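Working notes, structure below.
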Amino acid sequence: MLIRTLWLCKNNMFATSVSPLMRSYGISTVAITDPEKVYPYFQAIEADLIIIDANWDKDDHLGITFLADLHQRIPGIKAIFVTTTLQNKLCKKLEEAGAKGYFYRNSRNIENIVHCIRQVYNGEVCFGETDPALTEAAI
């Protein structure tokens with residue numbers, strides 16, 4: 005079983021760097037940086053889910069606004085957000101916008117990312133990951 009993912013990032017360096025690892029876990033990745041190309045790419049690769057960078061702009065998280073538009077064009081779309089900073093308010097906004105998952109881009113544990121993708125692919129939600137530095141500080 006290959007899970008097909010489309011990654012919408014303001015810069016595709018992260019998606020490109022994890023792509024070989026994702027492939028070893030049965031997850032294909034196609035990365036794009038232009039929101040206008042999401043719909044045609046999503047259809048062309050028959051994506052199972054989309055992974056969206058939440059932090060496009062400090063004032064308006066484009067990913068959140070964009071997800072509402074995507075839900076209109078692709079009802080039932082499964083979306084996971086990725087961000088470089090953990091913000092509880094942002095996580096709540098993501099969930100309210102219809103996201104099914106979230107992971108922290110700077111995670112050193114690729115298994116957390118794979119787990120989140122598999123959970124969402126299987127119809128579950130996955131908002132469990134936290135900033136590793138915050139978790140360690142709490143222990």
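Just so we're aligned: the sequence shown equals residues 5 to 143 in the numbering used here. Each residue gets a CB set at the ideal place from its N, CA and C atoms; glycine is no exception. Remember, predicted model here, so these are calculated numbers, not experimental data.
Selection from the options that minimises the alpha carbon distance to residue i
i	options	result
Ser28	Asn126, Ile117 and Tyr45	Ile117
Ile49	Ile56, Leu6 and Met17	Leu6
Asp69	Ile36, Asn126 and Ala101	For the record, residue 69 in the displayed sequence is Thr; it is not Asp. When each option's Cα is compared against that of Thr69, the closest is Ala101.
Ser32	Asp38, Val42 and Leu53	Leu53
Cys13	Gly30, Tyr45 and Ile36	Ile36
Per-residue DSSP class, three states only, for residue i
i	result
Phe107	strand
Val124	helix
Ile78	coil
Thr69	helix
Ala4	Since the first residue of the chain shown is 5 and the last is 143, residue 4 is not available in this structure.
Glu140	Confidence is the limiting factor: at Glu140 the pLDDT is only 42, short of 50, which leaves the residue's position unreliable and the question unanswerable from this model.
Asp135	Any reading at Asp135 must be qualified, since the residue scores a pLDDT of 43, below 50, and its modelled position is unreliable; no value is offered.
Cys130	strand
Leu94	helix
Span separating the alpha-carbon of residue i from that of residue j
i	j	result
Ile56	Arg109	11 Å
Asn15	Gly105	20 Å
Arg122	Met17	22 Å
Gly80	Cys130	16 Å
Thr134	Arg77	Residue placement at Thr134 is flagged as unreliable, the pLDDT there being 49, under the threshold of 50; the coordinate-derived value follows with that caveat. When rounded, the distance between both Cα atoms is 31 Å.
Gln47	Lys41	10 Å
Pro24	Asp73	30 Å
Cys120	Cys95	14 Å
Tyr125	Thr89	24 Å
C-beta neighbour in chain D for residue i, strict 9 Å
i	result
Ala83	Judged by its chain identifiers, the structure shown contains no chain D, having just a single protein chain.
Per DSSP, the bridge partner or partners of residue i
i	result
Ala48	In DSSP, Ala48 forms no bridge with anything.
His27	Note that residue 27 is Arg in the sequence shown, not His. In DSSP, Arg27 forms no bridge with anything.
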